[in-house]
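Some notes on the structure that comes next.
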Amino acid sequence: MKKKTDIISWKESSHLTSKLSSNKVFVCVNKRENTSMGRLSEFFACSFLFFILTTCTTPVIINPSNSITDGETLVSAGGSFELGFFNPGSSNNQYLGIWYVKSPEPVVVWVANREVPLSNKFGALNISSQGVLVIYSSTNDIVWSSNPSRTAEDPVAELLESGNLVVREGNDNNPDNFLWQSFDYPCDTLLPGMKLGFNLVTRLDRFLSSWKSDEDPARGEFTFLVDPNNGYPQLLLKSGNAIQLRTKLPSPTPNITFGQNSTDFVLNNNEVSFGNQSSGFSRFKLSPSGLASTYKWNDRTHSWLVYSLLASDWCENYALCGSFASCDINASPACGCLDGFVPKSPESWNLGDWSGGCIRKTPLNCSDKDVFTKYTVSKLPETSFSWFDERINLKECEVICLKNCFCTAYANSDIKGGGSGCLIWSRDLIDIRGSDADGQVLYVRLAVSESGVAVEKGNNNGKKKAGIIASTVVFGMGMLMLGMIFCIRRRKFRMNDNFKDVRKEDMEFPIFYLSTVANATGNFSSRNKLGEGGFGPVYKGILAEGQEIAVKRLSKSSGQGLNEFKNEVILIAKLQHRNLVKLLGYCIHEDEKMLIYEYMPNKSLDFFIFDKKKITGLEQVHEHYCWNCSRASLSPPRLQAENNP
């Protein structure tokens with residue numbers, strides 16, 4: 001009887017991997033023979049194979065003689081990134097993309113054919129003899145191709161450890177000589193080493209664009225880009241053509257930040273760019289909903305953590321306060337006119353609608369006697385169509401501004417080293433972020449009458465005039481303050497009189513200030529609107545302490561007067577029921593009347609009213625209470641729909 005021995009055989013696989021320097025992988029296949037000699041042979045054979053694999057490991061490259069098809073991938077040298085074909089979510093469409101290797105959930109950072117997907121899994125990626133990357137469909141049609149800057153003699157494609165897919169000459173690793181690179185064509189993700197902005201020589205424009213959805217990488221609604229208009233460079237987040245957000249100007253060069261990323265700003269005759277210089281495993285992503293976030297990898301939890309958001313508060317909303325106003329998230333109200341300016345529409349301003357901005361108290365008369373008010377702000381005004389010159393100093397900048405009748409403000413264009421350069425605005429000042437002791441200095445132009453002092457050095461007559469003017473201004477301000485105090489106290493007494501009957505009913509509902517409600521609802525933004533009925537719209541809001549509220553803003557055309565409103569508040573206070581949304585308080589400001597409810601995530605009664613299993617809320621209210629309830633008090637949106645069947 002023959003002894004059974006282990007037989008070691010070698011098979012050749014064409015699966016592409018970065019573990020070998022060719023497109024062939026040898027696999028050790030064990031044909032089971034149960035002898036000690038066989039096991040020893042197996043051990044030595046597989047040890048020899050492991051030695052070959054570990055000593056011959058080099059990053060795989062694609063050359064004209066091989067390709068990548070479905071199921072085959074190209075991995076970077078350090079194993080951080082992988083290139084291959086994938087299907088996003090449950091979509092049947094197939095794309096060529098780059099993703100993180102060690103991420104437990106798929107995190108795609110770049111897509112080649114985002115606008116033209118493959119309809120099946122028979123696509124292939126090749127590189128031509130001229131150095132052009134091409135994706136072919138199953139019918140051999142060209143789906144996508146790269147556009148190298150020049151042809152190559154011995155082209156190869158390689159996925160770098162940075163996540164950059166590059167085409168280069170086979171014997172040239174110099175980044176300056178790359179024929180093509182994916183970093184020049186970002187999708188929705190900015191990786192360390194990538195740039196946004198313009199190459200003024202090649203006319204290349206690099207910007208981020210969101211996916212349409214989580215399952216469709218085609219270009220979506222939102223973009224994050226360098227402002228293409230003439231003026232000092234600034235980064236904008238746009239929804240279509242509308243600006244949603246603007247980052248701080250890159251004055252503290254060489255490094256600025258957006259989303260807590262360290263950013264290198266380049267401005268010269270060849271390039272205008274913002275480069276992501278962050279280190280480690282991090283990424284800046286623009287989501288399909290327009291949310292721009294920085295993520296960092298946590299090795300301990302083996303997951304991605306949100307490190308920062310580009311829009312951290314309401315003041316980041318573009319032009320929230322309108323012209324010649326600044327936004328301070330810690331102030332109430334958040335928006336305030338600059339010195340020498342007043343609200344364009346005081347009524348709208350008092351209602352929390354600041355979009356109209358502010359106008360000058362005294363128009364400019366284009367005189368070299370105009371003065372400048374100094375502000376230290378955390379974000380300078382937006383710079384579309386501004387003028388700048390890096391070669392002149394701040395004093396020269398002031399002289400140029402005074403000679404230009406359209407000049408509204410000026411500042412240093414670069415504040416490092418004590419400041420240098422000149423930046424001049426000739427339009428309305430928009431999107432200023434509140435005061436900051438360590439911020440950037442802005443000089444706003446005012447008429448000389450707004451300065452309070454008009455003194456010429458060495459002129460005694462001027463000093464006397466200045467004293468008279470100062471005394472007059474102080475007296476006038478004192479009278480104005482007394483008048484304001486009188487009006488406020490009178491309004492407060494009037495409000496107390498309006499609700500003295502309500503307080504007699506032992507109601508302890510708090511009165512909400514209009515500014516509090518406006519801040520909570522984003523100035524009654526349409527994005528926070530839950531719905532609208534015959535008595536007015538309902539908005540969702542979040543108070544400063546984090547509580548979610550629903551605000552019922554009674555329309556002026558509802559026909560409900562103050563007495564009806566008081567009756568409604570009294571009725572709701574007495575009618576406490578588990579299926580009725582809790583009333584938290586109310587707000588009265590001139591003609592504005594609002595009810596503030598606890599926000600409930602369930603849908604309103606009108607969604608469930610035809611389901612017999614879910615209308616017990618209405619039935620129980622009318623069983624346990626026999627009051628003649630007004631339609632405004634027991635409208636469907638106020639009844640809580642039950643979850644229990």
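If you read the sequence shown in full-length UniProt numbering, its first letter stands for residue 1, the second for the next number, and so on. Glycine included, C-beta positions come from ideal geometry on N, C-alpha and C. Please read all numbers here as calculations on a predicted model, not as lab measurements.
Rounded C-alpha distance that separates residue i from residue j
i, j, result
"D438", "Y513", "32 Å"
"Y597", "S449", "48 Å"
"D368", "M484", "35 Å"
"K195", "D264", "9 Å"
"E548", "W211", "30 Å"
"T408", "L320", "20 Å"
"L160", "L125", "17 Å"
"Q130", "E153", "7 Å"
"I61", "S526", "52 Å"
"E221", "N66", "37 Å"
"E390", "T373", "23 Å"
"N164", "G78", "13 Å"
"A292", "L394", "35 Å"
"residue 654", "N404", "Since the first residue of the chain shown is 1 and the last is 645, residue 654 is not available in this structure."
"D227", "L338", "26 Å"
"C587", "S332", "16 Å"
"N567", "G585", "14 Å"
"P346", "P363", "18 Å"
"F281", "Y307", "12 Å"
"F122", "S138", "5 Å"
"Y95", "G546", "41 Å"
"L554", "S348", "17 Å"
"Y599", "D591", "24 Å"
Test item: CB-CB of residue i and residue j under 8 Å
i, j, result
"W314", "A334", "yes"
"V132", "S145", "yes"
"A311", "L245", "yes"
"F388", "L286", "no"
"L83", "T69", "no"
"residue 655", "N523", "Past the edges of the chain, shown from 1 to 645, lies residue 655, and the structure says nothing about it."
"E519", "F385", "Just to set this straight, residue 519 is Asn in the shown sequence, not Glu. The answer is no: Cβ separation not under 8 Å."
"T383", "L249", "yes"
"L429", "D370", "no"
"P175", "S279", "no"
"V101", "V75", "yes"
"L270", "L200", "Before going on, a small fix: residue 270 reads as Asn here, not Leu. Cβ atoms of N270 and L200: closer than 8 Å."
"L595", "L580", "no"
"I243", "Y136", "no"
"S128", "N93", "no"
"A218", "R300", "no"
"V377", "D414", "no"
"D328", "G340", "no"
Outcome for residue i when other beta-carbon atoms lying within 10 angstroms are tallied against a minimum of 16
i, result
"I98", "buried"
"L482", "exposed"
"L208", "buried"
"R503", "Low confidence applies here, because R503 scores a pLDDT of 43, under 50, leaving its location unreliable and the question unanswered by this model."
"D214", "exposed"
"K238", "buried"
"R433", "buried"
"E316", "buried"
"S90", "exposed"
"F198", "buried"
"L480", "exposed"
"A544", "exposed"
"P233", "buried"
"F85", "buried"
Beta-carbon contacts of residue i that lie in its chain and below 6 Å, excluding the five residues immediately before and after
i, result
"T189", "V109, R283, K285"
"W180", "S146, P148, V167"
"Y276", "What sits at residue 276 in the sequence shown is Asn, not Tyr. Excluding sequence neighbours, N276 sits near L190, P192, M194, N261."
"I392", "C422"
"Y375", "L442"
"W565", "The identity of residue 565 in the sequence shown is Phe, whereas the question assumes Trp. So the list reads K593, once near-sequence residues are dropped."
"C397", "Y410, C422"
Cut-off 8 Å between Cβ atoms - residues of its own chain near residue i, not counting five sequence neighbours on either side
i, result
"T521", "N528, Y539, K540, G541, V551"
"G240", "E221"
Cβ neighbours of residue i in the same chain (closer than 7 Å, five flanking residues each side left out)
i, result
"A411", "L380, L423, Q440, V441, L442, Y443"
"S323", "G357, C358, D428, L429, I430"
"K344", "G356, G357, C358, I359"
"Y295", "S282, R283, K285, W304, L305, V306, Y307"
Proximity test, residue i beta-carbon vs the ligand MG heavy atom, cut-off 7 Å
i, result
"L446", "Within the structure as shown, the ligand MG is missing, as the structure has no ligands at all."
message: Pairs of beta-carbons, one from the region 353–362 and one from the region 196–208, closer than 8 Å: are there three or more?
response: no
message: Count Cβ pairs between the region 105–115 and the region 178–189 that sit closer than 8 Å; are there 3 or more?
response: Yes, since at least three Cβ pairs between the region 105–115 and the region 178–189 fall closer than 8 Å, the two stretches touch.
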